[in-house]
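The block underneath contains the structure these notes are about, expressed in structure tokens.
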Amino acid sequence: MGDGRLLVVGDPFFLSRHRPLTEALAKRLAMVREVPIAEGRTLREAAFLARRFASGRLWPLTRENLSDARQRFRKLPSSFDRISRLTARTIAKEREREFVLQLFTMSSPVTADTPLPYAHYIDMTMAQVRRAWPRWAPFDRARDYDAWIAREGGSYRGAARVFTFSEAARRSVIGDYGADPNRVVVVGAAGTFREAGSSTRNYGSRTIVFNGSEFDRKGGDRVLAALRIVRERFPDATLTIVAHSGTIVEPGVRSLASLPRDQLFDLFDRTDVLLAPTRHDAFPGFVLEAMSRGVVAVLSDAEAMCEIVSDGRDGYVVSPPTPELLAARVIELFENPGLMRTLGTAGRDRIVREWNWDAVATRMIDSLARDGLV
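Numbering of the sequence shown is given in the numbering used here, commencing with residue 282 and proceeding in unit increments.
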């Protein structure tokens, strides 16, 4: 164990989702502490929402429109500045602090008045989001977007390290923001795993699983169209859509609003194929968790997704991810349970070897240790 002291800072939601990373880092350093940064609802946000309502831009007053307005508030350059100041003040109160790791980049962890060596850990950049899924980058004015990019880039360039989930994110940090390539390091990501699945699990159930939490972005229309083609060859093929709030009435489709984690892993153990033809994503934990149970991943060629598997060795990358090509891969697998076992076992082994939090933490610590930062 090293003698370094590390503060992991970020939104409480991000900290909770990445607690296994904090625990993995704590195995390797003398002190690792989580420091949540929570602003909560403010009068500024209320005033912003009131102005949008008065101007008619919050009408009709639906949950979706309200969520969009709150996202726009959080992505104002002034919000970036305000959360940065709050983060810096919070860190300054900590007695033991040598290095700061901030989860994602909705702010910067330091200011000119509170300098400390720090790193970011990010899944994607705002520039990537703007190109691939612009509804996640809801800026009212071009100048607001430019100001955000300037602040985000300044924090990347000032960081001792920018750790990324993927090579796609690394390319963006360097190419879109001008960060030093030597300071931008791909470390990967992971999910929350049950003990690794058995290599003796059965295949041949002709079952498919899909994460429908954001149906359009994750390619739900592609999945349904592919299933119709698959069922022409295998009428008993079924699809389970997990975390979907809507209702889909279609032969062979079961839609579940949510599942406890134990039941989700039980579902994976009974499933042959995961379809993830997303339009934009990073390293989704759902995909990694399914692979950890031996489910064969059939993924789109979207940024970062194609880095999770090696096509034809431990899963499939479908390019372009049309329903016809997705269905062809699924049919190929259903026709050959032996192939499913080969790919599913290789995918599970890759999770055990590469896409787990101990491996991510080791890559981070090794990179920082080379420059004596921890």
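C-beta atoms are modelled at their ideal positions from N, C-alpha and C, and glycine is treated no differently.
Identity of the residue in the options nearest residue i by Cα
{"i": "R560", "options": "W414, Q544, L508 and D427", "result": "W414"}
{"i": "R351", "options": "I632, R464, Y458 and A418", "result": "A418"}
{"i": "E476", "options": "L555, F549 and P604", "result": "F549"}
{"i": "D501", "options": "L555, G291, D457 and D461", "result": "Looking at the sequence shown, residue 501 is not Asp but Gly. Out of L555, G291, D457 and D461, L555 has the C-alpha closest to the C-alpha of G501."}
{"i": "G628", "options": "A440, A400, V568 and A423", "result": "V568"}
{"i": "L347", "options": "F329, S359, L357 and S360", "result": "F329"}
{"i": "A557", "options": "A538, L508, G527 and S539", "result": "L508"}
{"i": "Y402", "options": "R309, D292, M312 and Y484", "result": "D292"}
{"i": "M645", "options": "R574, V633 and T303", "result": "T303"}
{"i": "R250", "options": "F420, R514 and E513", "result": "It is not possible to answer for residue 250, since the shown part of the chain is limited to 282 through 655."}
{"i": "G321", "options": "P301, I364 and L310", "result": "I364"}
{"i": "A311", "options": "R378, R353, F496 and L606", "result": "R378"}
{"i": "L540", "options": "E588, D461, D349 and S526", "result": "S526"}
{"i": "R370", "options": "R300, T528, E613 and P317", "result": "P317"}
Chain D contact for residue i (CB, 8 angstroms cutoff)
{"i": "G459", "result": "The chain inventory of the structure shown lacks chain D, comprising one protein chain alone."}
CB contact flag (residue i, residue j, <8 angstroms)
{"i": "N617", "j": "P565", "result": "no"}
{"i": "V490", "j": "V511", "result": "no"}
{"i": "Q409", "j": "S453", "result": "yes"}
{"i": "E448", "j": "T386", "result": "no"}
{"i": "G267", "j": "W636", "result": "Residue 267 is absent from the structure shown; the chain starts at 282 and stops at 655."}
{"i": "D562", "j": "A578", "result": "no"}
{"i": "R314", "j": "L288", "result": "yes"}
{"i": "A471", "j": "V598", "result": "no"}
{"i": "T488", "j": "R424", "result": "no"}
{"i": "F380", "j": "P398", "result": "yes"}
{"i": "R535", "j": "T521", "result": "yes"}
{"i": "R437", "j": "G625", "result": "The amino acid at residue 437 is misidentified as Arg; the sequence shows Tyr. It is not a contact, given that the beta carbons lie outside the stated cut-off."}
Inter-residue Cα distance where the pair is residue i and residue j
{"i": "L654", "j": "S486", "result": "51 angstroms"}
{"i": "A518", "j": "V611", "result": "10 angstroms"}
{"i": "Q544", "j": "R333", "result": "42 angstroms"}
{"i": "D427", "j": "V391", "result": "21 angstroms"}
{"i": "S581", "j": "A608", "result": "12 angstroms"}
{"i": "R412", "j": "R376", "result": "41 angstroms"}
{"i": "D457", "j": "R464", "result": "15 angstroms"}
{"i": "I372", "j": "V466", "result": "24 angstroms"}
{"i": "A305", "j": "P516", "result": "45 angstroms"}
{"i": "R631", "j": "A327", "result": "47 angstroms"}
{"i": "A440", "j": "R482", "result": "45 angstroms"}
{"i": "F361", "j": "T603", "result": "38 angstroms"}
Boundaries (first-last residue) of the alpha helix (DSSP H) holding residue i
{"i": "T351", "result": "This sequence places Arg at residue 351; Thr is not what is there. First-last of the alpha helix (DSSP H) with R351: R344 to R355."}
{"i": "T473", "result": "Unbroken run through T473: none, as it is neither H nor E."}
{"i": "Y437", "result": "A423 to G439"}
{"i": "M572", "result": "G566 to S573"}
{"i": "S453", "result": "E448 to G456"}
{"i": "F615", "result": "P604 to F615"}
{"i": "F549", "result": "R542 to D550"}
{"i": "R412", "result": "M407 to A413"}
Beta-bridge partners of residue i, as assigned by DSSP
{"i": "M312", "result": "R286"}
{"i": "G291", "result": "P317"}
{"i": "N637", "result": "According to DSSP, which records beta bridges pairwise, N637 is partnered with nothing at all."}
{"i": "S536", "result": "I522"}
{"i": "R322", "result": "None, per the DSSP bridge assignment."}
{"i": "S581", "result": "V599"}
{"i": "L339", "result": "L339 is not bridged to any residue."}
{"i": "R514", "result": "DSSP output for R514 lists no bridge partner at all."}
{"i": "V466", "result": "F444"}
Where the beta strand (DSSP E) containing residue i begins and where it ends
{"i": "L367", "result": "Here L367 belongs to no beta strand (DSSP E); instead the alpha helix (DSSP H) covers P358 to A373."}
{"i": "V554", "result": "V554 to A557"}
{"i": "A722", "result": "Lying outside 282 to 655, the shown extent of the chain, residue 722 is not represented and no answer is given."}
{"i": "I489", "result": "T488 to N492"}
{"i": "V381", "result": "F380 to L384"}
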